[in-house]
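Novice:
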Amino acid sequence: MRIEEQTKLDYSDVLIRPKRSTLTSRKEVVLDRTFTFYHSPKTWTGIPIMSANMATCGTFGMAKILAPLKIITTFHKYYSVSDFEKFFQTFNNPDYVCYTLGIRDEDVAKIQEMQKKGLMKNFSFICIDVPNGYLQRFLESIRLIRQMFPEHILIAGNVVTNEMTEEIILAGADIVKIGIGPGSACTTRRMTGVGYPQLSAVIECADAAHGIANERGVGRIIADGGQQYISDIAKAFCAGADFNMCGSLFSGFDQSDGKLIEKDGKKFKEYFGSSSNKALEELYGKKDDHRASEGRYALIPYKGDINNFLQDLFGSLRSTGTYIGARQLREFPKRATFVKVNRQLTNYLEPYDTGE
Ligand code: 5GP
Numbered sequence: 023m024r025i026e027e028q029t030k031l032d033y034s035d036v037l038i039r040p041k042r043s044t045l046t047s048r049k050e051v052v053l054d055r056t057f058t059f060y061h062s063p064k065t066w067t068g069i070p071i072m073s074a075n076m077a078t079c080g081t082f083g084m085a086k087i088l089a090p091l092k093i094i095t096t097f098h099k100y101y102s103v104s105d106f107e108k109f110f111q112t113f114n115n116p117d118y119v120c121y122t123l124g125i126r127d128e129d130v131a132k133i134q135e136m137q138k139k140g141l142m143k144n145f146s147f148i149c150i151d152v153p154n155g156y157l158q159r160f161l162e163s164i165r166l167i168r169q170m171f172p173e174h175i176l177i178a179g180n181v182v183t184n185e186m187t188e189e190i191i192l193a194g195a196d197i198v199k200i201g202i203g204p205g206s207a208c209t210t211r212r213m214t215g216v217g218y219p220q221l222s223a224v225i226e227c228a229d230a231a232h233g234i235a236n237e238r239g240v241g242r243i244i245a246d247g248g249q250q251y252i253s254d255i256a257k258a259f260c261a262g263a264d265f266n267m268c269g270s271l272f273s274g275f276d277q278s279d280g281k282l283i284e285k286d287g288k289k290f291k292e293y294f295g296s297s298s299n300k301a302l303e304e305l306y307g308k309k310d311d312h313r314a315s316e317g318r319y320a321l322i323p324y325k326g327d328i329n330n331f332l333q334d335l336f337g338s339l340r341s342t343g344t345y346i347g348a349r350q351l352r353e354f355p356k357r358a359t360f361v362k363v364n365r366q367l368t369n370y371l372e373p374y375d376t377g378e
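In the working numbering, the protein residues as written are 23 to 378.
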């Protein structure tokens, strides 16, 4: 047995140190990024934020709102081939939608059917998503999907360590999804004891991915889950994340799926982990006997119209840029210094809702 003595950090363990800046307004901070990739020949431009492939926010409705803003929606696995057929009759914006699959035979059969029907041309991104990216079988799936789709931008995860990030890129992925246990609906840490503090995982895996380069591009990563506040998205970009993927931050709105529930005079919306009993039983129609649920069902305070949140998101990220003197999102990691804190200095007063 071995203990790694160096303390690893979460988003809440740090703040971003302000720096002298020549920017005069936060409007000057550009949030668009343009990426090339290690395998895919595509070039992508947009705001590198993704709505997670979960039942409440990886939806067709979300894609219609986010795609015009150049934000990506990663669709959940519960849509059928005919659902996609219908949706793509009226939606055409491949750069901002991502198809998700697992590594089971039926997942491969479904993507083959999607391809046969010509539906995969509607996606620039494909995401192979498993809770545990350390399985040998996962690498075989990445090789297979890369062979089937040489042009698509291939995402694969989740892992949290540098050596596996490198291996996944070399197996055929363009982007590695980072995060085991930080998700707000995730119980992996509690159920299995496995995990890695998310900020350190992002820093270490970004470093590993960016070190893999060819004439086309470098390896990339997504910081997936655990962003409780918009500032955590900024911290992930400062830590070197190329993309941020968020579930709970994109849920709880009028436009998110999940029932609206009233409790003690307050409004909530449902939010549930992809491997929660609720998701497995209601959306997938079954729960394997050997499989413990590593996700939970939760209620999110109702947040109203998502458009207000999106304005806050863009405004706050630009504001972080002005505080650290970064004119572009891609300068965040170069300009940022983190300070380790004992306790986050947040407002101690509860916001007062006047009900207006
Ligand atoms: P959040 O933004 O809510 O903190 O985290 C979203 C992320 O949590 C997702 O993108 C996914 O990686 C992870 N996640 C979603 N559902 C589950 C689940 O049921 N179990 C686990 N272990 N992780 C989940």
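The beta-carbon is built from N, C-alpha and C at its ideal position, and this holds for glycine as well.
Please state whether DSSP places Val224 in a helix, a strand or coil.
Specialist: Val224: helix per DSSP, three-state reduction.
Novice: Using a Cβ-based criterion (distance less than 6 Å to any ligand heavy atom), does Gly280 qualify as near the ligand 5GP?
Specialist: No; taking the cut-off as 6 Å, the Cβ of Gly280 has no heavy atom of the ligand 5GP nearer than that.
Novice: Just the Cα atoms here: how many angstroms apart are Phe113 and Gly68?
Specialist: 18 Å
Novice: Excluding sequence positions up to five away, which residues of its chain have a Cβ less than 7 Å from the Cβ of Leu335?
Specialist: Ile252
Novice: Taking 6 Å as the cut-off, does the CB of Glu303 come closer than this to any heavy atom belonging to the ligand 5GP?
Specialist: no
Novice: When you compare each of Gly295, Ile346, Phe360, Asn330 to Glu50 by their alpha carbons, which one comes out closest?
Specialist: Ranking Gly295, Ile346, Phe360, Asn330 by Cα distance to Glu50 puts Ile346 first.
Novice: On the DSSP bridge list, what partners appear for Met213?
Specialist: DSSP output for Met213 lists no bridge partner at all.
Novice: Using CA coordinates, which residue listed in Met142, Lys199, Val198, Cys79 is at the minimum distance from Pro172?
Specialist: Met142
Novice: For Thr58, tell me which candidate among Arg242, Lys99, Lys86, Gly201 has the shortest Cα-Cα distance.
Specialist: Arg242
Novice: Is the beta carbon of His98 sitting closer than 7 Å to the one on Met72?
Specialist: Cβ distance not < 7 Å, so His98 and Met72 don't count as in contact.
Novice: Exposed or buried, what is Asp35 when buried is set at 16 or more other beta-carbons lying within 10 Å of its beta-carbon?
Specialist: buried
Novice: Out of Ser338, Leu91, Thr81, Gly317, state which residue places its alpha-carbon closest to the alpha-carbon of Gly280.
Specialist: Thr81
Novice: Do you know how far the Cα of Leu321 is from the Cα of Gly155?
Specialist: In a straight line, the C-alpha of Gly155 is about 28 Å away from that of Leu321.
Novice: In angstroms, rounded to a whole number, what distance separates the CA positions of Leu221 and Val152?
Specialist: 20 Å
Novice: Examine the ligand 5GP and report whether any of its heavy atoms sits within less than 6 Å of the Cβ of Ala12.
Specialist: There is no way to answer for residue 12, as the model of the chain reaches only from 23 to 378.
Novice: Among His232, Asp246, Met23, Ala195, which residue has its Cα nearest to the Cα of Pro219?
Specialist: Asp246
Novice: Would you mind stating whether Gly239 and Tyr101 have Cβ atoms separated by less than 7 Å?
Specialist: Not closer than 7 Å, so no.
Novice: Find out if the Cβ-Cβ distance for the pair Arg55, Leu351 is shorter than 7 Å.
Specialist: yes
Novice: Just checking, does the segment 255 to 262 make contact with the segment 281 to 297 on the three C-beta pairs under 8 Å criterion?
Specialist: no
Novice: Ordered along the chain, which non-local residues of its own chain (more than five positions away) have a Cβ less than 6 Å from that of Lys92?
Specialist: Gly68, Ile69
Novice: Is any non-hydrogen atom of the ligand 5GP found closer than 6 Å to the C-beta of Pro70, if you look at the structure I gave you?
Specialist: no
Novice: Measure how close the beta-carbons of Ile177 and Phe147 come, nearest whole angstrom, since I'm counting them as under 8 Å.
Specialist: 6 Å
Novice: Please return the same chain residues whose Cβ sits closer than 6 Å to the Cβ of Thr342, not counting the five positions on each side in sequence.
Specialist: Ala256
Novice: Is DSSP giving Leu176 helix, strand or coil here?
Specialist: Look at Leu176 here: in three-state DSSP terms it is strand.
Novice: Have a look at the DSSP bridge pairing and note the partners of Asn266.
Specialist: Ile71, Ala245
Novice: Suppose the cutoff is 7 Å on Cβ atoms and the five residues either side in sequence are ignored; what does the same chain contact list for Ser163 look like?
Specialist: Ile125, Ile150
Novice: Report the option in Asn180, Ala85, Lys300 whose CA atom is closest to the CA atom of Gly203.
Specialist: Residue Asn180 is the option with its Cα nearest to Gly203.
Novice: Taking the alpha carbon of Gly317 as the reference point, which residue from Asn330, Gly326, Gly295 has its own alpha carbon closest?
Specialist: Gly295
Novice: Measure how close the beta-carbons of Thr187 and Ala230 come, nearest whole angstrom, since I'm counting them as under 8 Å.
Specialist: Cβ-Cβ separation between Thr187 and Ala230: approximately 4 Å, consistent with a contact (criterion under 8 Å).
Novice: Look at the alpha carbon of Gln137 and the alpha carbon of Lys199, and state the distance between them as a whole number of angstroms.
Specialist: Rounded to the nearest whole angstrom, the CA to CA distance from Gln137 to Lys199 is 24 Å.
Novice: Would Glu27 be called buried (16 or more neighbouring beta carbons within 10 Å of its own) or exposed?
Specialist: Under this definition Glu27 is an exposed residue.
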